[in-house]
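Mapped onto the working numbering, the consecutive letters of the sequence shown carry residue numbers 53 to 296.
Don't be surprised by glycine CBs; every beta carbon is placed ideally from N, CA and C.
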Amino acid sequence: MSPKSFTCSKCSKTTNDKKLSVSCNSCKSILCGDCHGMSPTEVRVFELKTIARVVSFLCVDCKSLMAQIPNIMKQLEELTKEVHHLRLRQNMLVTEGAIQELAERTKRTNNIIIYDVPESTSDKPLQRQEHDKEECRKIITCVSKKVSCDNVKLFRLGKFQAGASPHPIKVVMKSKNDAIEILRNKTKLDKPSNIKSDQTAMQREYLKYLRDELENRTNNGEQGLTIKYIQGQPKIICKQEIKN
Ligand SMILES: [Zn+2]
Ligand SMILES: [Zn+2]
């Protein structure tokens, strides 16, 4: 192939008839005189620099690609809209979830959960209820004298089953302050871990994650780590930080 010859990108013929060839302004492929479909005069016009600046020659492939652009633009526009809607939906879901979680936490601030209270063996629900009331009253008055147990509501979490290990009792205190008072003073019990705050599923899951994390870090050699509630949020901190 001599330096001046070229291969037509449509018919693959090799020729050196540069005069009649045209190259595509987009893909730069060269078409021979038989393939570009223009008269010699038209080719000359295209070669004029002033014309070439404003008018482009496009090969058949590029032309058909160009023809698809409006369609592609339309699809792009639809996709952009869809992405926007998906983001909006996602934000809504996250916000709704946060609002629900907040409401759920607020609802639970009056509650405490008491574990390991033996269940009455009576088959009468009312008697079992009275038994639970009395047991809880004993525990609560042992923890704090400031809190009254009159009219507190309580119920076992889980269905009664004779002989099964005791279900936890949810106690709805009369106020958030009553619940806080009990939680703060529960160390007065022989087993303080028998009283816990009423946490949402998300809070319990997060606490479990923190405990696993604490165990991992301790196993990897970090010392003096503990979980502490800071402004109501559990966090892993170094015991040293508490003293400071
Ligand atoms: Zn050709
Ligand atoms: Zn082209």
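Is it the case that the CB of residue i approaches a heavy atom of ligand 2 more closely than 8 Å?
i    : result
K62  : no
C111 : yes
S78  : yes
Does ligand 1 have a heavy atom nearer than 8 Å to the CB of residue i?
i   : result
L83 : yes
K65 : yes
D86 : yes
If we count the other Cβ atoms within 10 Å of its Cβ and call it buried at 16 or more, is residue i buried or exposed?
i    : result
V106 : exposed
K159 : exposed
K205 : exposed
V74  : buried
D175 : exposed
F109 : buried
How many angstroms separate the CA atom of residue i from the CA atom of residue j?
i    : j    : result
Q251 : R157 : 7 Å
C76  : E129 : 29 Å
T66  : T59  : 4 Å
T132 : T147 : 23 Å
H136 : C79  : 34 Å
C84  : T93  : 15 Å
L117 : L145 : 40 Å
V95  : S61  : 17 Å
P170 : F207 : 13 Å
Since residue i and residue j should fall inside the 8 Å C-beta cutoff, what is the C-beta to C-beta distance between them, to a whole number of angstroms?
i    : j    : result
C194 : V223 : So it is not a contact: roughly 14 Å between Cβ atoms.
N237 : D168 : No, N237 and D168 are not in contact; Cβ-Cβ is about 18 Å, not under 8 Å.
P220 : L209 : 5 Å
Identify, in the order they occur along the chain, each residue of the same chain with its Cβ nearer than 8 Å to the Cβ of residue i, setting aside the five sequence neighbours on each side.
i    : result
N163 : K222, V223, V224, M225, A231, S249, D250
Using a Cβ-Cβ cut-off of 7 Å (strictly less than) and excluding sequence neighbours within five positions of residue i, which residues of its own chain qualify?
i    : result
Q179 : S172
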